[in-house]
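Residue numbers (this note's numbering), protein chains in the order written: chain A, 8 to 474; chain B, 337 to 782.
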Amino acid sequence: MSETKFDLAVVGSGPGGYVAAIRAAQLGMKTAVVEREHLGGICLNWGCIPTKTLLRTADVFTLINHAETFGIKVEGASVDLKKTVDRSRQVAGQLSGGVKHLLKKNKVTVIDGHGKLKGGGKLEVTKDDKVVTTLEARHIILATGARARTLPGLEPDGKLIWTYKEALVPDVMPKKLLVVGSGAIGIEFASFFNALGADVTVVEVMDRILPVEDAEISSLAEKAFKKQGMTIHKGTTVSDLKKSGGKVTATFKDKKDKTSTDTFDRVILAVGIVGNVENIGLEGTKVKVEKTHVVVDEYSRTGEPGVYAIGDLTGPPWLAHKASHEGVICVEKIAGEKDVHPLNTANIPGCTYCNPQVASVGLTEAAAKEQGYELKVGRFPFIGNGKAIALGEPEGLIKTIFDAKTGEMLGAHMIGAEVTELIQGYGIAKTLETTEIDLMHAIFPHPTISEAMHESVLDAYGKVIHI
Amino acid sequence: MPITITMPALSPTMTEGTLANWQAKEGDTISSGDVLAEIETDKATMEVEAVDEGTLAKILIKGGTENVAVNTPIAILLEEGEDASALEGYDAGSAPEPEKEKSGDSSKEEEAPKKKADKDEPKKAKDDTAPDVKGSSGPAPVSKKGERIFSSPLARRIAANEGLDLKAIEGTGPHGRIIKADVEKAIASGGAKAKAEAAAPKAAQSAPAQPQAVTPPPEGDYEEIPLTSMRKTIARRLTEAKQTIPHFYLTIECELDNLLAMRKELNGRSDEYKISVNDFVIRASALALKKLPAANACWGGDKILQYKDFDISVAVAIEGGLITPVVRNADQKGLAGISNEMKELAGRAKEGKLKPEEYQGGCFSISNLGMYGIREFSAVINPPQSAILAIGTGEMRPVVKEGALAMATMMSVTLSCDHRVIDGAMGAELLKYFKGYIEEPLTMML
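Rendered as structure tokens:
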């Protein structure tokens, strides 16, 4: 390795790390990225992108199964699992190649290996336990991401009991599948395998699925999934997984400590994530770790001068777009750029690509009430939206929550077709600090599902037209 | 394309300044780095250097013009090969009326819509009355100078609800836009101060030139002396200090004989420094604060900001006023280091060459009038600081020692405290530590 001195070294090339590196290079910093596995990180290779590819297959298949509704006769449609998975891998590979190209174009040095802080601005890179090089950088951004959390007694084996990683490359279609955890990751896999014909059971410890979403949305999602044939156990834990004869017998325990068992072909564990804080040289530094995540200030600075952390390695929400944005803010702050503002987590949208899709930004109604706001809440169902009906997607809801006193949009919650593409409209509105007036004055094109966004705001103030 | 030279912002908080004089004249050939003009801000005079090269074609704002808003075009530079004809039809943002432009972005793309917005504003925009904010999140308000105040709809709504005047609020959003957080901060930091009904004194703050209602001057011959930027700042800030900070005062006597003996010995050892009593005072203050970090704090409206560095501001009298250069981390510096740094800072202060970061910050000031024979006095706190120590002269005084009269060199010091941050007992404790260091100066060496 010829070059060892850099202005900035980034450990990890996920959506946080590679974006930070490119932005730094744009600002004239000599930048290196250390990546131990795939450029693009989990997001591109084992997360956001390959799951979306699989879910696209699920959507197409669902549509084909309903083709007759649209006047099309299709016979003998079936899913080729291998081709589905191959396409998912091909898309991930293509995008990873894209990241490689972008880094090269921006003259970012990519170093293959595992990065570890060595103190005094030094970063040791090892490959197969051999030291490849030691970099010196004035600034080091840790963007090592996170991995699936495991619970005692519920350890994945990669064969019968999967994490997201195995679930992304299934070799067989499980007839009966258990998904533990109903957050975004769990629900997306549940939705995918359910659509492709598996008998899916979802277990959630909380009293509703998609627990970070607004309760009303959770309940609508649950109804939709049940209608599709999913079994959902809420307020339930999995106390034991017993493997025998290529099957897994799960013991469930509900809130009243009542136990029951059921047997599955495969189990997917999706019970949260833990930060990758180990073996990156944090020991003996002033970097503070709390509950497996690195503690940072509003500009991603750790307690150790010159060391920063972004993305899933730090606090929630654990989303790719949060990581990227943090990376940019962190780098621009280092470079002394003007107009750099801390991230406002209330303006970060979250999307879940199950069917029906779920998307939200800001506070839930319960959280807003808890914070003492007096609320104006608007709701608009897709059944009142012409485009949704034309698309054959009449099930959905857009809910908006305003502070009655100031008209501030506190939160927006959506379920239904294409809502993951719609939520950014409210994201912009929130970022620009619009009030209900501005949203009422905004003109939404007809016919689009986005009109439901307008109507929901109108409904909050008693001016709704189409219900 | 002719290049427009605009009024620079010499510090992050500067919104306007006085274009003191031009060092270059029309027709001069300018190279990058040449000094074009001198700008006077609240506290210092600074030079404007040329970035581009060319010929200074036209001076748009004459030397001696006050209250020139940041980013106002002040001159036009012609690039090599261009002649005066290039100026024809060239519009430097209708520059000659600086009071119409303000801190907007000076980039060309922004100019056009902004000017249009100016024109589109109703006539009342130019009116000096407070902007109409009573509507909901309504139209963007305009400042008294006619330019649009950029603010988010939500910020406007909250300000209207609270009866706040947006003019009085500093925006921290993109391009200085006023956002919700700014309005909330204004509410938290004594919203009453920024309430629209109190807009007059607040306006005086943003435009200190406007005299506040003062008693008419007595009859008689007098010479009218215009206020310098520094005088305006002193007037504004110290008035604010006396009106808003609940001051109280604590005086204590310190015996100086040990300190003077030590000073004599130290100064006898080398010619590389000459330590003054004031240098001891700076270090003793920093060490006393370090012992009582709760006092190393500023009032933050809805919170107290306790600082981690022990920075000591020292009032230095300069022509036309005073300025307070800061000795940073005085607790970590030796006496010789403090002494040399102070000499250097005071020297540049007198030349008006201090950079803003050299006189801003810190929670604690020292004001020393001992050299004038002043025995003791009470100083006004320099906001946003929370304390100032007034140092009197060191003089021989009769004192009672072990039941008998004796002579000792004594110095009276008076601490002015902001009661919102420092209570009586805390202030007293701080002075006790200070006295300890002054009377046993060897302990300062630990």
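Glycine is no exception: its CB is placed at the ideal position from the N, C-alpha and C atoms.
Please read all numbers here as calculations on a predicted model, not as lab measurements.
Do we get a CB-CB distance below 9 angstroms when we pair residue i with the residues of chain A?
{"i": "G604/B", "result": "no"}
{"i": "T508/B", "result": "yes"}
{"i": "K737/B", "result": "no"}
{"i": "I515/B", "result": "yes"}
{"i": "A356/B", "result": "no"}
{"i": "E445/B", "result": "The pLDDT assigned to E445/B is 42, lower than 50, so where the model puts this residue is not dependable, and the model offers no usable value."}
Mind listing the chain A neighbours of residue i? Cutoff is C-beta to C-beta under 9 angstroms, in chain order.
{"i": "H755/B", "result": "The premise fails here: H755/B is roughly 31 angstroms from chain A at the closest Cβ pair, so nothing lies under 9 angstroms."}
Please list the partners that residue i has in chain B, where partner means a Cβ-to-Cβ separation under 8 angstroms.
{"i": "K412/A", "result": "N497"}
So residue i and residue j are supposed to be a Cβ contact under 8 angstroms. How far apart are they, rounded?
{"i": "V404/B", "j": "T354/B", "result": "7 angstroms"}
{"i": "L592/B", "j": "L767/B", "result": "Their Cβ separation, rounded to whole angstroms, is 15 angstroms, which puts L592/B and L767/B out of contact at 8 angstroms."}
{"i": "I29/A", "j": "L110/A", "result": "7 angstroms"}
{"i": "A366/A", "j": "G357/A", "result": "7 angstroms"}
{"i": "D370/B", "j": "A360/B", "result": "7 angstroms"}
{"i": "R567/B", "j": "M780/B", "result": "Not a contact, Cβ separation roughly 37 angstroms."}
{"i": "H453/A", "j": "E462/A", "result": "So it is not a contact: roughly 11 angstroms between Cβ atoms."}
{"i": "S85/A", "j": "G48/A", "result": "About 34 angstroms; that fails the 8 angstroms criterion."}
{"i": "L417/A", "j": "M460/A", "result": "L417/A to M460/A, Cβ: 15 angstroms. No contact."}
{"i": "G390/B", "j": "I339/B", "result": "7 angstroms"}
{"i": "A726/B", "j": "V757/B", "result": "Actually they do not touch by this definition, with Cβ atoms about 18 angstroms apart."}
{"i": "G728/B", "j": "E738/B", "result": "Not a contact, Cβ separation roughly 25 angstroms."}
{"i": "N594/B", "j": "E775/B", "result": "6 angstroms"}
{"i": "V387/B", "j": "A577/B", "result": "At roughly 38 angstroms, the Cβ-Cβ gap does not stay under 8 angstroms, so V387/B and A577/B are not in contact."}
{"i": "N676/B", "j": "F646/B", "result": "In fact, because the Cβ distance is near 19 angstroms, the residues do not count as touching under 8 angstroms."}
{"i": "L392/B", "j": "L413/B", "result": "6 angstroms"}
{"i": "Y708/B", "j": "T660/B", "result": "Y708/B to T660/B, Cβ: 18 angstroms. No contact."}
Name the chain B residues whose beta carbon is nearer than 7 angstroms to that of residue i?
{"i": "E344/A", "result": "Going along chain B, no residue has its Cβ under 7 angstroms from E344/A, so there is no contact; the nearest lies around 12 angstroms."}
Kindly say whether residue i, judged by its beta-carbon, lies nearer than 9 angstroms to any beta-carbon of chain B.
{"i": "T332/A", "result": "The sequence as given places His at residue 332/A; Thr does not occur at that position. Not an interface residue."}
{"i": "V464/A", "result": "no"}
Run down chain A in chain order and give the residues with a C-beta less than 8 angstroms from the C-beta of residue i.
{"i": "H511/B", "result": "D346"}
What residues in the segment 432-461 of chain A have a beta carbon less than 8 angstroms from any beta carbon of chain B? Taking 8 angstroms as the Cβ-Cβ cut-off against chain B, the residues of the segment 432-461 of chain A that qualify are L439, E440, T441, T442, I444 and D445.
Closer than 9 angstroms, Cβ to Cβ, to anything on chain B: give me those residues from the segment 412-429 of chain A, in chain order. K412, T413, G414, E415 and M416
In chain order, what are the residue ranges of uninterrupted beta strand (DSSP E) at least 3 long that sit wholly in the segment 645-671 of chain B? 648-650, 652-654 and 657-659
Can you give, in chain order, each stretch of the beta strand (DSSP E) that sits fully within the segment 168-217 of chain A and has at least 3 residues? 183-187 and 206-210
Ignoring anything shorter than 3 residues, give me the beta strand (DSSP E) runs that lie fully in the segment 54-122 of chain A, in order along the chain. 116-119
With a floor of 3 residues, list each beta strand (DSSP E) that falls wholly inside the segment 317-402 of chain A, ordered by position along the chain. 357-359, 365-369 and 382-388
Which runs of the beta strand (DSSP E) fall wholly inside the segment 555-623 of chain B and span at least 3 residues, in chain order? 583-591
Would you mind listing the beta strand (DSSP E) stretches within the segment 19-53 of chain A that are 3+ residues and don't spill past its ends, in chain order? 38-42
Unbroken beta strand (DSSP E) runs of length 3 or more, entirely within the segment 237-292 of chain A: which are they? 238-240, 244-251, 254-260, 266-271, 273-276 and 280-282
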